[in-house]
Structure formats: structure tokens, C-alpha cells
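Numbering (my numbering), first residue to last: 4 to 99. Note sheet for the following structure.
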């Protein structure tokens, strides 16, 4: 398994390839991520062409079990986000 790319790693990657200072790049990355979060919160979806789609949806309350006590509990409703690859990106990951 390879290393996980972090936000700091993204900033470093861009910094090495541009003439901007690290603080400007960090602010830009933060702004992009904030736009993405707000879009998912507001529209429940974010499409990045050639990459994939983030979608938020509601999960209903359900029964669960406390693994320590085996007690049955009700898990509250919640929102979850899923990511679906675009066909183009999927084809790049899985060449024939």
C-alpha cells in the first residue's frame, strides 16, 4: 500500500511546480476544499468532470448492537457522502 497524500502534500506538490509562495498555495487549497464542502452541503452533490462525483444522502435510523454489551440500540439518522469514479478515470485505473 502506498502513502496517503495529505493536504500538506498537495500544497508541497503545487509549491514545487509554481512560483507562488507556500502561504498563497495553502490558502488556495483551503478555498477549493471549502467550496467543495459547501457544494456538497448545499446541493448534495459535487461533480468533477473526468474525476468523479461526490454525493451526500440521508441514511435512516436503524437498529444496531453495542459490541461490548451486545445491547440492541437505535442508531440515529445521519448524512453520508459517497464518491463515484467517472468512467474515464475508472478506465485509467483498470486498463484492459
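The C-beta atom is built at its ideal place from N, Cα and C for all residues, glycine as well. Fair warning: this is a prediction, and the values are worked out from it, not measured in the lab.
Asked	Found
I need the boundaries of the beta strand (DSSP E) containing residue 50, first residue and last residue.	48-51
Please look up how many angstroms separate the CB atoms of residue 43 and residue 59, rounded, as I've assumed it's under 8 Å.	5 Å
Among residues of its own chain, excluding the 5 on either side of residue 23, which ones have a beta-carbon nearer than 7 Å to its beta-carbon?	none
DSSP puts residue 58 in a beta bridge; with which residues?	48, 85
Just to confirm my understanding: we take residue 55, look at its own chain, exclude 5 residues before and 5 after, and list those with CB closer than 7 Å. What are they?	86, 87, 88, 89, 92
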